[in-house]
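Spelled out as structure tokens, the structure:
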């Protein structure tokens with residue numbers, strides 16, 4: 014494991030913790046897209062099918078359990094928790110996220126490294142993760158006042174993807190056969206989706222102003 | 414699991 018990968022995992026972990034902290038302590042999910050959270054839960058469920066079959070390391074297994082547990086509990090909170098549910102902006106969060114599932118699945122059936130069930134599901138999770146943030150970005154654009162925690166959550170998620178790209182570059186030069194076009198291209202697409210958000214995030218940070226995205 | 418496998422990533 015290299016420093017970029019570790020930093021990427023840690024920002025990813027931090028993003029999830031920030032979100033859970035917000036939901037759990039303030040009992041509010043204002044500004045958070047349930048659609049994106051549902052997609053993330055599907056992403057982890059389909060990617061970590063190997064959790065009981067392939068042991069990589071204790072770190073790996075623990076992190077997988079954390080991401081699975083946190084993504085499903087966030088969805089549970091927004092859908093089922095009495096107070097949190099009330100703060101959910103259903104009318105703003107209108108992205109048709111189900112329409113992302115089928116194209117990603119078909120693409121995974123067509124373009125994969127190996128045509129096996131686990132591998133296709135793994136590839137599907139990569140394609141789906143690349144676009145899973147879209148409902149959240151649309152919701153951010155509609156939200157007049159983005160609160161700090163929501164802004165930090167999206168920023169940390171974007172940072173995680175950016176750090177993973179550095180991790181791939183590092184691994185490509187240090188590990189002899191490390192060439193994986195599918196995660197690289199989908200990861201790059203995913204990171205590019207954050208570019209616009211990053212721009213406004215840094216602008217607001219530089220000017221010490223509240224984060225607001227242009228409509 | 415080989416060293417150069419993307420499946421060891423999260």
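Residue numbers (the working numbering), protein chains in the order written: chain A, 14 to 228; chain Z, 414 to 423. Positions of the beta carbon are idealized from the N, C-alpha and C atoms, including for glycine. Keep in mind it's a predicted model, so treat the numbers as computed, not measured.
Extent of the continuous alpha helix (DSSP H) run through residue i
i, result
"residue 22 of chain A", "16-39"
"residue 99 of chain A", "95-99"
"residue 184 of chain A", "161-187"
"residue 208 of chain A", "208-219"
"residue 144 of chain A", "130-144"
"residue 103 of chain A", "Careful: residue 103 of chain A lies outside any alpha helix (DSSP H) and carries neither H nor E."
Residue of the options minimising C-alpha distance to residue i
i, options, result
"residue 126 of chain A", "A:201, A:194 and A:44", "A:194"
"residue 57 of chain A", "A:44, A:86 and A:34", "A:86"
"residue 136 of chain A", "A:226, A:196 and A:16", "A:196"
"residue 117 of chain A", "A:26, A:139, A:17 and A:73", "A:139"
"residue 205 of chain A", "A:38, A:31, A:225 and A:171", "A:171"
"residue 238 of chain A", "A:182, A:63 and A:91", "This structure cannot speak to residue 238 of chain A, because chain A is shown only from 14 to 228."
"residue 167 of chain A", "A:24, A:15, A:16 and A:14", "A:24"
Presumed contact (8 Å Cβ cut-off) between residue i and residue j, rounded CB distance
i, j, result
"residue 106 of chain A", "residue 47 of chain A", "6 Å"
"residue 41 of chain A", "residue 100 of chain A", "4 Å"
Neighbourhood of residue i by C-beta distance below 8 Å, restricted to the same chain and skipping five residues each side
i, result
"residue 414 of chain Z", "Caution applies to residue 414 of chain Z, whose pLDDT of 44 falls short of 50 and renders its modelled position unreliable; the value that the coordinates give is listed next. Once the five neighbours on either side are set aside, the close Cβ partners of residue 414 of chain Z are 420 and 421."
"residue 124 of chain A", "136 and 195"
"residue 44 of chain A", "102, 152, 153, 156, 159, 160 and 163"
"residue 51 of chain A", "88 and 110"
Residues near residue i by beta carbon distance below 6 Å, same chain, minus five either side
i, result
"residue 177 of chain A", "21 and 200"
"residue 143 of chain A", "199, 202 and 203"
"residue 18 of chain A", "180"
Proximity test, residue i beta-carbon vs the ligand NAP heavy atom, cut-off 7 Å
i, result
"residue 76 of chain A", "As far as ligands go, the structure on display features none, and thus does not contain the ligand NAP."
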